[in-house]
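Each protein sequence line maps, in turn, to chains A and B.
Each step along the first sequence adds one to the number in this note's numbering, with nothing skipped, and position 228 is 228.
Positions in the second sequence are counted from 1; adding 1000 to them yields this note's numbering.
Every residue, glycine too, gets a C-beta built ideally from N, C-alpha and C.
To start, the structure under review is shown below, and the notes come after it.
Number of protein chains: 2
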Amino acid sequence: MPMHTQIPVPEAWLNLAALLPSPLPIARFSDGQTVSFDGLAKIYSEECARIELLDGPYGADAWIPIPEEVAREYAKYRPTPVHRARGLEKAIGYAGAIYCKREDVSPTGSHKPNTAIPQAYYARKQGLAELITDTGAGQWGCALGWSCHNLGVRCTVFMTRNSYSAKPYRRYLMQLAGATAIASPSPFTKCGRALFEQDPGHPGSLGIGMSEAMEMVAARPDARLALGCMSYYAALHQTVIGIELAGQLQEHRVEPDLVIGCVGGGTNFTGFISPFAAARFGHGPWRGRIPRMLAVESDRIPVLTQGEYRYEFADAFGLTPQVKMYTLGREFLPEKMHAGGLRYHGKSPLLSYLFHHGVVEAAAVSSQEAFNAGRAFFESEGILAAPESCHAIAQVIREARHFQQAGEAATIAFCLSGTGYLDLQGYADTFQLEGVEDAMSVEAGRS
Amino acid sequence: MPMHTQIPVPEAWLNLAALLPSPLPIARFSDGQTVSFDGLAKIYSEECARIELLDGPYGADAWIPIPEEVAREYAKYRPTPVHRARGLEKAIGYAGAIYCKREDVSPTGSHKPNTAIPQAYYARKQGLAELITDTGAGQWGCALGWSCHNLGVRCTVFMTRNSYSAKPYRRYLMQLAGATAIASPSPFTKCGRALFEQDPGHPGSLGIGMSEAMEMVAARPDARLALGCMSYYAALHQTVIGIELAGQLQEHRVEPDLVIGCVGGGTNFTGFISPFAAARFGHGPWRGRIPRMLAVESDRIPVLTQGEYRYEFADAFGLTPQVKMYTLGREFLPEKMHAGGLRYHGKSPLLSYLFHHGVVEAAAVSSQEAFNAGRAFFESEGILAAPESCHAIAQVIREARHFQQAGEAATIAFCLSGTGYLDLQGYADTFQLEGVEDAMSVEAGRS
C-alpha cells in the first residue's frame, strides 16, 4: 500500500565524501598522475569535474544546496512514493514489514533522472551545446534525453547495437524524449568504425559505447560526456532518494533493520542508503537505529563478492581516467543478460570504499532467482520491476526467510530502481511465455 | 508534482443509478423481454447480475459498501496519486491549473483492476472456477488475469489475434499474471472456428472475441463472463477513482471548473466524474462547485458525437442481451488503431444516460492530435500516457487554450487511465521513430 507523505522535496544533496573517515580516492591517469581540473573539465562539465575532484565545498560540506532550477525539475515527480509491500509479505508468509521506495514511477521509469537533470542543468549553465553518453539497456539514455530536452541541451546516446535492435521500445522512448540514438559500434568514431566495418551487425558493449562517446566528446568542443553511474557526481545526486526515504520513514516512525538495493555501478544503491551511511559517520538526517546495508549484484558479474580493489579504467579501451574501485578488470566481458544495467566490470568508487571499509555488505543473485522474485512481486503487488531491481527483491525474500527462521519480525526496505514494463521480453524469455501458446490453447479448448 | 494525500481508501462505491432522476434502462432480450436474474446469472456471477438488474440495494442505496477482501486488495495500490501537471502548464503557457488522477500507476498499469478485483472476488465467493473475457489492446485482460490470480479464480482471455501477434508485451504481462491468453478468432468455439478455418491469421475484433467468450461461458457451467466496461457493475466499481479524487481535491481546497476523461465504453470516465455527477442530483461527497464534465472519444468511433440512443447488442454476433446506449450499430467496424480501448461500437448505458440528459458533454479527437498531446505530456512531465488517455490530454490542451483566450485561469482535472509504456509501438508508428535512424545517424556523424 502506498504511504501518505507530507515531506518536501530535498533542498540539498548529502555529500558523503565529506563525511568519510579517510579521503575518497579520486580519479588519476594511468601514469599515476592525479587528474587536473583542466583535464577533467575537457571530459565533463565544469561543475561535474569539480564534484569529481572533491573541489571546494565538495571536499568539505556535508550538504550541497540543490540549484533552484534543478529543484523545480525534481518537483515534477518527487517525492516518489514509499510502498508497504503487504501483498509480498503475505505471499512469502513474512511476519515483519517490507517497504519499497518507488523510483520506478519517476519520469522515463527509473531513478536515472535524479542525476540526468543536474547534469543537463550544469551543461546548459556552462553554455555547452550537447551531452554525449552511452547506454546499455537504455534507462540512462532515456533519462538523459528527457532531462536534456527540458533544459535545452542536445543529447546524443551511443546505444549498444544489440539493445538498439532487439529492444526497440526503450530506444523509441529515448527518441521521443528528443535524444539522438546511435547504434554502437557506429561508423562515426575511430573506435567504432574498426568494429563496424568488420561487422555492421556487431552487438557492441557498454565499454565500446563509452569509448565512442569519449572520442566524439574529444572532437566536439561544445560537447561533454555524461555518466549515469560510476562517477561521484552521479552518486551525490542520487542521495535525494535516501534523504526522502529517511524523512518518509521517520514520518511513519519506521526504523528499518536492513536496507537493500541492486548494484550495477552502484549509484542508486549509495543514494538509497546515504542517510544511514552518514549516520554511521555521525552525521546527517537519520536519527533512528542504523540498519544493515546490503548491496546485491548479479552472480555473473561478481565485482564486490569476487573482484579486486584497485585502480582501473572506466571504459573498455582505456580512454577514460582510472578510478579506485572493486573490479573484475576492464577486459572482463560479461555474457549477454536482461539486467543490462548490472553488466559492468566495476563498482563506483564510493560504493567500493563503503564496502572495503565494512559499512555495506554484498551478496550475489542469479538471473533466474531475480526473475522468480520479480514474478512473485508482480503477482502479489501488481508492480513489475526492472530486471536489475529484481535482484534486490530476490535478496529481500532471502533475508525475510532468514529473519523468519530466526523468529524475528524485522523491517526491510529496498529500492525499486526502475520499471519492468520495458523489459517484458526478459520475463518472457525467462518463463518461456512465447512457447506456452500451444499448450495453453489446448488446455483452453478442452471443453 | 505529486500532491500529498492522507485520505483513506474508499469504503463504499457511489451508486449513481440510485440517484438519477429517472430509472437507468436495464438490459433486455431482442424480443423486448426484460432479462431475468436467472437468465443473467448464467452469463455473469450472481452479484454482478444483481448489480446489472439494479436489484435490492443497487436500485435504492446511494452507497454500496465495499467487501472487506476487495478493500484489502484496493489498499495494495490505492489511493492513487493526484499530480499537478506544472510542466504541461508551463509548456503550453497556461495560467490556470491542470491536475491528473494517476490510474496509470495501478497494478498492470491501468484503472481496470478497480473492477477486475471485485469481479474475481464475487466469482470466488460464489464458488465459480473461472472467468472468461475478451480483450483488445490488453489492459483489461492483464487486470483480470492479475486479480483472478490473487483471488484464486482461473482466467481465460480471448485476445484479438492482431494484438496477440503484433503487441506481445501486453500478452506476456497477462500470461505472467497467470491468465490463459487465446488468440481470437480461435479454433475452440463455433463463432471463432468458422473464421479461423478460413484464415488462421484472421486479425479478429473485440466483437468476435466477446462472442467467443460468451460461447465458451455457455459450455462451462462453472465459468462466467467478465466485462471490463459497458456493464453497470464495472461503472459502479470505477467510482473509487472519483470518490478518492473528490477527497484529494478537497484536502487541497481545489475546485475544478472542468473534468475530462477519455471514453471507450465509458466506465473509467463515469467513475472519474461520479462525485460531480452525484452532486448534480443533490447527493454524494462533493460539496464544492460542480464542474463541467467532458467525455472525449476518438473521431474514428464518434458514438456520442454522431451515434443514436437506442437498444443494441453488446457484441458483434448478437449473443449478448441488448442495452440502451449511444451506438453506431453493432455492425460498425472501426479501422485498426492504436487506442484499442476506444474501438467499440457503443457507450455504456450510464454514460449514454448522462450524456442524453445533458449532465456530460462530449468531444472527439483524432489519433494524431491525441499522440501529439501525449508527446507534449511526456516531454513536459516525463509520464507516458496510454493512447486512450492521450485523447483526454488533447482535450485538456484544447480547453486550456480556450480558457487562456477568454482570459480565464480555470482549473482542469483529467483521468490518466493507463500507462503508455506498453504502447510505445503506437508512438513509434505515429512519429515514424523507426525511420529516423538514418537521418539522425547522419546528423550525429557530422563532426
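By Cβ distance, which residues of its chain are closer than 6 Å to residue i, with the 5 residues on each side in sequence left out?
i: residue 373 (chain A); result: 390, 393, 394, 397
i: residue 364 (chain A); result: 297, 299, 302, 305
i: residue 1409 (chain B); result: 1095, 1096
i: residue 1087 (chain B); result: 1380, 1381
i: residue 210 (chain A); result: 134, 315
i: residue 1182 (chain B); result: 1158
Determine the closest residue to residue i out of the options, with distance taken between C-alpha atoms.
i: residue 1118 (chain B); options: B:1258, B:1290, B:1264, B:1238; result: B:1238
i: residue 1261 (chain B); options: B:1250, B:1060, B:1102; result: B:1102
i: residue 1015 (chain B); options: B:1332, B:1021, B:1064, B:1353; result: B:1064
i: residue 329 (chain A); options: A:337, A:336, A:318, A:339; result: A:318
i: residue 1166 (chain B); options: B:1338, B:1368, B:1376, B:1343; result: B:1338
i: residue 1161 (chain B); options: B:1410, B:1204, B:1343, B:1429; result: B:1204
i: residue 1342 (chain B); options: B:1109, B:1358, B:1367; result: B:1367
i: residue 134 (chain A); options: A:121, A:124, A:184; result: A:184
i: residue 1256 (chain B); options: B:1271, B:1286, B:1230, B:1178; result: B:1286
i: residue 201 (chain A); options: A:186, A:425, A:369, A:18; result: A:186
i: residue 193 (chain A); options: A:181, A:179, A:215, A:206; result: A:215
i: residue 1099 (chain B); options: A:76, A:82, A:121; result: A:76
Check whether the Cβ of residue i sits closer than 6 Å to any heavy atom of the ligand GTP, and report yes or no.
i: residue 1375 (chain B); result: For the structure depicted, the ligand GTP is absent and the ligand set is empty, with no information on it obtainable.
Would you mind sorting residue i into buried or exposed? The rule is 16 or more other CB atoms within 10 Å of its CB.
i: residue 304 (chain A); result: buried
i: residue 1387 (chain B); result: buried
i: residue 1347 (chain B); result: buried
i: residue 1248 (chain B); result: buried
i: residue 175 (chain A); result: buried
i: residue 1107 (chain B); result: buried
i: residue 450 (chain A); result: This structure cannot speak to residue 450 (chain A), because chain A is shown only from 1 to 447.
i: residue 1327 (chain B); result: buried
i: residue 1434 (chain B); result: exposed
i: residue 23 (chain A); result: exposed
i: residue 78 (chain A); result: buried
i: residue 1104 (chain B); result: buried
i: residue 333 (chain A); result: exposed
i: residue 149 (chain A); result: buried
Residues in its own chain within less than 7 Å of residue i by CB, not counting five upstream and five downstream?
i: residue 1043 (chain B); result: 1217, 1224, 1225
i: residue 1258 (chain B); result: 1291, 1292, 1294, 1399, 1410, 1412
i: residue 1049 (chain B); result: 1037, 1040, 1041
i: residue 222 (chain A); result: 128, 129, 130
Using a Cβ-Cβ cut-off of 8 Å (strictly less than) and excluding sequence neighbours within five positions of residue i, which residues of its own chain qualify?
i: residue 1011 (chain B); result: 1065, 1066, 1071
i: residue 1429 (chain B); result: 1338
At the level of alpha carbons, what is the spacing between residue i and residue j?
i: residue 269 (chain A); j: residue 1154 (chain B); result: 39 Å
i: residue 356 (chain A); j: residue 279 (chain A); result: 18 Å
i: residue 1090 (chain B); j: residue 4 (chain A); result: 27 Å
i: residue 1139 (chain B); j: residue 1062 (chain B); result: 29 Å
i: residue 232 (chain A); j: residue 115 (chain A); result: 11 Å
i: residue 375 (chain A); j: residue 384 (chain A); result: 8 Å
i: residue 1026 (chain B); j: residue 1045 (chain B); result: 17 Å
i: residue 431 (chain A); j: residue 1084 (chain B); result: 39 Å
i: residue 1445 (chain B); j: residue 188 (chain A); result: For residue 1445 (chain B), the predicted structure reports a pLDDT of 49, less than 50, and the residue's modelled location is therefore unreliable. A value from the coordinates is still provided. Residue 1445 (chain B) and residue 188 (chain A): Cα-Cα distance of roughly 5 Å.
i: residue 128 (chain A); j: residue 1289 (chain B); result: 49 Å
i: residue 1447 (chain B); j: residue 335 (chain A); result: A caution first: residue 1447 (chain B) carries a pLDDT of 42, below 50, which makes its placement in the model too unreliable to give a value.
i: residue 147 (chain A); j: residue 130 (chain A); result: 12 Å
i: residue 157 (chain A); j: residue 220 (chain A); result: 15 Å
i: residue 284 (chain A); j: residue 275 (chain A); result: 6 Å
i: residue 53 (chain A); j: residue 407 (chain A); result: 47 Å
Taking Cβ-Cβ distances shorter than 8 Å, what residues in chain A pair up with residue i?
i: residue 1452 (chain B); result: Look at the range of chain B in this structure, 1001 to 1447, and you will see that residue 1452 (chain B) is not part of it.
Closer than 8 Å by beta-carbon distance: list the chain B residues that pair up with residue i, in chain order.
i: residue 105 (chain A); result: 1105
i: residue 382 (chain A); result: 1076, 1077, 1106, 1107, 1108, 1113, 1146
i: residue 419 (chain A); result: 1421
Listing by chain order, which chain B residues have their CB less than 7 Å from the CB of residue i?
i: residue 377 (chain A); result: Simply none; closest approach about 11 Å.
i: residue 4 (chain A); result: 1004, 1005, 1006
i: residue 140 (chain A); result: Within 7 Å Cβ-Cβ: nothing; residue 140 (chain A) doesn't reach chain B, min ~14 Å.
i: residue 149 (chain A); result: 1379
Can you list the residues of chain A that residue i reaches, using a CB-CB cut of under 9 Å?
i: residue 1431 (chain B); result: 172, 175, 176
i: residue 1135 (chain B); result: Under the 9 Å cutoff, chain A gives no residues; its nearest Cβ is about 14 Å from residue 1135 (chain B).
If the cut is a Cβ gap below 7 Å, which residues of chain A does residue i touch?
i: residue 1424 (chain B); result: 169, 172, 173
i: residue 1427 (chain B); result: 172, 176
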